[in-house]
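Reading the sequence shown from the start, the letters are residues -24 to -1, 1 to 109 in mature numbering (1 follows the signal peptide of the UniProt record, and there is no 0). Working notes, beginning with the structure itself.
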Amino acid sequence: MRSSSFFAASFLGLGLLVPAASFAASGSAALQHLDSDHDGTVSVDEAKAAADAKFTALDTDHDGTVDASELKGAGGKAAVAKYDTDNDRTLDKTEYLSAVDSQFKAADTDADGTLDARELGSKTGHKVVRLAN
Ligand SMILES: [Ca+2]
Ligand SMILES: [Ca+2]
Ligand SMILES: [Ca+2]
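See below:
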C-alpha cells in the first residue's frame, strides 16, 4: 500500500515534470527570474514583488503612474485600456498590481496558488511574465 502510493506519486511527479521541461522553455526562464525563494514555483507575492520593481522601472518620468508609451513592450495601450479602472489613461501601482493579481489567477489553471513553468509558459502565463519580468 505504502510503496504503491509512493510509485503513484513518483509517476505523477514525472508526468508533471516532463511536459513542463519540454513544453515551456520560456516559462522556465521566467520561472528562474521570478522564483525568488527557489522553490520551483512563483507565488502571487513573488510575482507582485517583481511587478512592483518592474513598475518602478517602467515609470521613467517618475510621476507614480505608467502610461501607454511607458508600457511599450509590456502591453502598451491595450494594457492601459484593460487595467485602467479609474479611466485616467494611466496605470497607477494599485491598478498595475491588481492586473498582476487577476492575470496570475487566470494563469493558475490548477488553482494551487502558484505558477509552475508550464503555467508560466501558457498564453495567460506570458501576460503575468510581461507585467512582472
Ligand atoms: Ca510615468
Ligand atoms: Ca488609472
Ligand atoms: Ca498552479
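All C-beta atoms in this analysis are idealised placements derived from N, C-alpha and C, irrespective of residue type, glycine included. Quantities reported herein were computed from a predicted structural model and do not represent experimental measurements.
Discussion item. Can you determine whether any heavy atom of ligand 2 sits closer than 6 Å to the C-beta of Glu71, and answer yes or no?
Written reply: yes
Discussion item. For Lys48, count the other beta carbons within 10 Å of its own beta carbon; 16 or more makes it buried, fewer makes it exposed. Which is it?
Written reply: exposed
Item to complete: Check whether the Cβ atoms of Thr61 and Ala82 sit closer than 7 Å, and answer yes or no.
Response: no
Discussion item. Between the alpha carbons of His102 and Leu96, how many angstroms are there, rounded?
Written reply: In a straight line, the C-alpha of His102 is about 6 Å away from that of Leu96.
Worksheet entry | Counted within 10 angstroms of its Cβ, other Cβ atoms place Lys24 as buried (16 or more) or exposed | buried
Worksheet item: Does ligand 3 have even one heavy atom less than 6 Å from the beta-carbon of residue 111?
Response: Nothing can be reported for residue 111: it is not among the residues displayed for the chain, which extend from -24 to 109.
Practice prompt. Excluding the 5 residues preceding and the 5 following Leu34 in the sequence, name in chain order all residues of the same chain whose CB lies nearer than 7 Å to its CB.
Written response: Here the set comprises Val42, Glu46, Leu47 and Ala50.
Worksheet item: Going by the C-beta, is Glu95 closer than 6 Å to any heavy atom of ligand 3?
Response: Relative to ligand 3, the nearest heavy atom lies less than 6 Å away from the CB of Glu95.
Discussion item. Using only the alpha-carbon positions, how far apart do Val76 and Val104 sit?
Written reply: 6 Å
Item to complete: Please list the segments of the beta strand (DSSP E) lying wholly inside the region 15 to 71, counting only runs of 3 or more residues, in order along the chain.
Response: none
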